[in-house]
Every structure is written in C-alpha cells, then in structure tokens.
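Residue 182, in this note's numbering, is where the sequence shown stops; the numbers in between run on with no holes.
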Amino acid sequence: MPNHPAIDIPVIETPRAILRGHRLDDFDDYAAMWADPAVIRLIGGEPRLREDSWVRFLRHGGMWAMLGFGFWAVEEKATGRFIGEAGFHDLKRDMKPSIEGVPEAGWGLIAARHGQGFATEIVKAVHGWGDARFNGAKTVCIVDPDNIGSVNVALKCGYREITRTSYKGSPTILFERERTTA
Numbered sequence: 001m002p003n004h005p006a007i008d009i010p011v012i013e014t015p016r017a018i019l020r021g022h023r024l025d026d027f028d029d030y031a032a033m034w035a036d037p038a039v040i041r042l043i044g045g046e047p048r049l050r051e052d053s054w055v056r057f058l059r060h061g062g063m064w065a066m067l068g069f070g071f072w073a074v075e076e077k078a079t080g081r082f083i084g085e086a087g088f089h090d091l092k093r094d095m096k097p098s099i100e101g102v103p104e105a106g107w108g109l110i111a112a113r114h115g116q117g118f119a120t121e122i123v124k125a126v127h128g129w130g131d132a133r134f135n136g137a138k139t140v141c142i143v144d145p146d147n148i149g150s151v152n153v154a155l156k157c158g159y160r161e162i163t164r165t166s167y168k169g170s171p172t173i174l175f176e177r178e179r180t181t182a
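This is the structure we're talking about:
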C-alpha cells in the first residue's frame, strides 16, 4: 500500500468531547448517524445511503488537505464513542446569496446526544479555533427554519440571521457571524 501524507488536523478538547480527525474506524458509526431519520430530518431530509456517506466521509480529509480547514469527528470523552461531527467547509453551494469562499460552519450529532448542550459546547470550541484561523473574517451557516435546536445553537454561538432563502428547493436561513472578542 502506498504511503499517504499525513494531514495535520488539530485536536480540540471541550469539557465533554474531543474533536479530532475522522478515522476509518469511525465510518460505521458515521454512516449510521447519517442514515438515521431522527438526525437528517432537518438536515437534508433524506437518509444517506452508505456509499453516499463514504463519499462525504472522504471529503473531510480533502477539505483539510486542500483548504486547511474542515470537519472534525466528535468523540465523547466519557465513552470514547463517535457522536458526530462539526467544523467548517466550503461546498460551493448553488444558492442565493452566494456563500462561496466563506467558511461555512456545520454540525451534526447522533440523536441520542440531541438536546444535551453538546452542539453548543462543540460549536463554540470550533469557532474559538476558527476565529484565529480565519483572522477575524466572517463565517456563515445555513439552517432549516424548522430546526429550532440548530437555530438556537447558531444564535448562542454569535450568529445573526442575514436572510431567508432556499437551498435545493427547501427553505433555509442564512446566518452570519463576525469574530467575537470574548
């Protein structure tokens, strides 16, 4: 097997989680998370096929290698279990207004960790890293208006609503966040 260059993905710790690069042994849990109707109900709406999850899973390493940022796997400290992912990406989304070239925050957790404050804890840590990495530049996120949990996470993490738009025919709120000094 050929040698592959290591991608230097920083590790971030929060009180309850470790954010680290995705590993091959995360994949089964990753695929299960993105196939769970309770997880994807307000994030795309359709459970992902295993092969679609594989392509997205591989994309994470590519983002880090090409852009110097990406998504982290979220490991729960108490159990050592993969419980989700969070980070920044630039997906070249076909939407108006365009967010191409602006780091877009995103997060997703297994259903068993919804409503426990994990997302806010993790997204705040991700933005602590991003504030330094992006030299104070703005970041964005998009959220389904019915996803009250993620709307609240965005607001708690310093985002403000910019506009209501659509993405792939579904209503979407575009949020923007300026670097915070706190």
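Cβ coordinates follow ideal geometry from the N, Cα and C atoms, glycine included.
- Counting along the chain, the unbroken beta strand (DSSP E) around T172 starts and ends at 170 to 177.
- Here S170 is exposed: its Cβ has fewer than 16 other Cβ atoms, across all protein chains shown, within 10 Å.
- In this structure, the beta-carbon distance from V123 to A73 does not fall below 8 Å.
- For H89, the enclosing beta strand (DSSP E) has its first and last residue at 82 to 89.
- Residues of the same chain with a CB within less than 8 Å of the CB of V126, apart from the 5 flanking positions on each side, are I12, L19, W72, A86, G87, F88, A105, W107 in chain order.
- With three or more CB-CB distances shorter than 8 Å, the segment 93 to 100 counts as touching the segment 158 to 174.
- D52 is not a Cβ neighbour of A111, given a cutoff of 8 Å.
- Separation of A65 and I7 (C-alpha to C-alpha, rounded to the nearest whole angstrom) is 6 Å.
- In the DSSP assignment, L58 falls within the unbroken alpha helix (DSSP H) covering 50 to 67.
- In this structure, the CA atom of G62 is about 29 Å from the CA atom of G117.
- Where T120 is concerned, there is no enclosing beta strand (DSSP E), although the alpha helix (DSSP H) around it starts and stops at 118 to 133.
- In its chain, beyond the 5 residues on either side, V102, E176, R177, E178 have a beta carbon closer than 7 Å to the beta carbon of K138.
- The three-state reading of DSSP puts A78 in coil, since its state is none of H, G, I, E or B.
- For the set E75, D90, R41, A32, the Cα lying nearest the Cα of H22 is the one of E75.
- Restricting attention to N152, A78, I162, A132, the CA atom closest to the CA of V140 is found in I162.
- L109 is bridged by DSSP to G84.
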